[in-house]
Amino acid sequence: ADAGDIVFEHIGKLDSESVKEIFYSASRVSSDVLIVDLDVFSGKEIVSALQSFRIARPNTRIIVIAPDRKPGDEIISSIVGLGIYDIAAGKKESDWAEMIKNILLSPPATYAQAARWHTGQLLNAFVQTKERVIIEERPAGVVTIAVSATAHGIGCTHTALSIASFLARLGHSAAVIEDSQRPVFSFLCSVLKAKEGKVEGSYAVHGIDIFPDESRDDGNWSYDMLLKKIKAGQYEYVVRDLGVLDSARKREMYRADTAFVVASAARWRWHEIIDRIDSDIDIIFPLALQSDVEEISFYAGIKGTALPYCPNPFAKENDFIFLKLLAPVLPSRRKKKSLFGISLF
């Protein structure tokens with residue numbers, strides 16, 4: 002479509018059932034701008050529909066038309082809390098075409114411009130999240146990354162090894178610790194004829210240290226028993242292969258600095274994800290089409306990422322994806338200006 006063309010349009014009122022369908026259909030279309038008139042639906046479901054749309058289309062600018070709405074409106078406050086700041090407000094008889102035209106000709110609105118609509122209920126959560134991200138950009142000590150899966154054979158171990166290998170290519174000291182229900186690292190190290198790693202009990206494989214599970218089902222986590230060795234190895238990152246997610250492993254996920262769940266995007270397996278995995282945990286879908294991931298992300302309200310086919314976990318083909326997924330726990334280099342305008346790193 003050419004610039005300025007309408008690629009999707011819906012006219013008419015929506016009910017609680019159709020609002021999600023319409024927004025999902027809109028998310029399947031590549032667009033620069035989405036214009037939403039709040040008069041088409043008055044229920045709170047439109048907030049979750051907009052949230053799912055933003056997950057599926059994070060780069061699409063969203064403009065909300067809000068006739069006869071005033072600051073303090075609960076719906077608009079929640080919409081602003083999603084990071085949607087282009088709010089066109091006025092009386093129903095206003096010249097909406099001219100108002101939308103002016104918004105489109107202007108840069109996207111900022112939070113400062115939309116703050117009057119925000120009740121403040123989500124303000125503290127926003128500040129805390131922002132502060133947490135700043136801290137994670139400069140991780141102190143060992144950073145722990147937990148990887149689990151919704152079922153056996155989906156790719157939990159493959160993903161854990163891929164993440165550690167990616168970190169090693171960035172020049173970081175990384176280790177993988179096995180805490181899954183079906184240990185395979187001992188066999189892997191034997192097949193690869195791996196040499197001894199930095200510390201006793203570890204094996205060096207493609208620039209990373211692997212710790213096979215040697216807990217012998219005694220009820221203890223390998224990670225907990227290896228804390229001294231982790232410190233001795235001076236690892237910057239430790240990736241935990243947790244295996245299939247259960248209640249105990251879910252607690253371990255929250256102990257980590259960041260966590261990922263590996264799942265299938267097949268429609269007949271959606272039940273393994275919907276209402277079972279917290280929306281703040283990134284879900285990785287190996288071998289999935291981007292369209293399938295966008296679909297399940299929309300309906301389940303999750304953060305899904307498609308991981309293209311790459312049979313070798315130590316290859317670099319998917320580095321660009323892991324760079325994005327691990328950005329919150331990777332060190333950043335910020336430019337600082339001196340009084341004389343010289344940039345220091």
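Take 2 as the starting number for the sequence shown in the working numbering and just add one per residue. Glycine included, each C-beta is placed from N, C-alpha and C at the ideal position.
Q. Is it a yes or a no for the region 274–283 touching the region 200–214, going by three-plus beta-carbon pairs under 8 Å?
A. no
(Q) Quick check on this structure: which residue in Gly234, Val206, Ala150 and Ser78 has the alpha carbon closest to the alpha carbon of arginine 170? (A) Val206
Q. CB alanine 360 to CB alanine 307, shorter than 8 Å?
A. Residue numbering for the chain in the displayed model covers 2 to 346; residue 360 lies beyond these limits and cannot be assessed.
**Q.** Cutoff 7 Å; reference leucine 246; Cβ partners in own chain excluding five residues on either side
**A.** Ser149, Ala150, Thr151 and Val262
Q: Given a cut-off of 8 Å, decide if serine 181 and glycine 1 are closer than it, judged by their beta-carbon atoms.
A: No answer is possible for residue 1: the residues shown for the chain start at 2 and end at 346.
Q. With a CB to CB cut of under 6 Å and the five nearest residues on each side skipped, what residues in its chain are close to serine 53?
A. Phe299 and Gly302
Q: May I ask you to report which of helix, strand or coil DSSP gives valine 41?
A: helix
Q: Measure the alpha-carbon distance for glutamate 18 versus cysteine 311 and round it to whole angstroms.
A: 39 Å
Q) By Cβ distance, which residues of its chain are closer than 6 Å to valine 144, with the 5 residues on each side in sequence left out? A) Within the same chain, Cβ atoms closer than 6 Å to the Cβ of valine 144 are found at Tyr238, Asp258 and Val330, the five residues on either side in sequence being excluded.
Q: Could you tell me how far apart the beta carbons of leucine 39 and arginine 62 are, in whole angstroms, since I believe they sit closer than 8 Å?
A: Arginine 62 and leucine 39 do not touch by the CB rule: their CB atoms are close to 17 Å apart, not below 8 Å.
Q: Give the DSSP-derived three-state secondary structure of leucine 327 in the structure shown.
A: coil
Q) Using the beta-carbon count (16 or more within 10 Å), is leucine 106 buried or exposed? A) Its Cβ having fewer than 16 others within 10 Å, leucine 106 is exposed.
**Q.** Enclosing alpha helix (DSSP H) for phenylalanine 24 [first to last residue]
**A.** 19–28
Q | Per-residue burial, alanine 89 [other beta carbons within 10 Å of its own, 16 or more giving buried] | A | It is buried - the Cβ of alanine 89 has at least 16 other Cβ atoms within 10 Å.
Q: Indicate whether the contact test is met: 3 or more Cβ pairs, each with one atom in the region 11–26 and one in the region 75–82, closer than 8 Å.
A: no
Q: State the Cα-Cα distance for the pair glutamate 253 and aspartate 242, rounded to the nearest angstrom.
A: 11 Å
Q: Whole angstroms is fine: what's the gap from alanine 355's alpha carbon to valine 192's?
A: Any property of residue 355 remains undetermined from this structure, which presents the chain solely from 2 to 346.
Q. Taking the Cβ atom as the reference point for each residue, do isoleucine 64 and valine 30 lie within a distance shorter than 8 Å?
A. no
Q) So who's on the other strand from valine 65, going by DSSP bridges? A) Val37 and Ile88
Q) Tell me the DSSP bridge mates of alanine 1? A) What the structure shows of the chain is the stretch from 2 to 346, and residue 1 is not part of that stretch, so it cannot be assessed.
Q | Coarse secondary structure for phenylalanine 188, derived from DSSP in three states | A | helix
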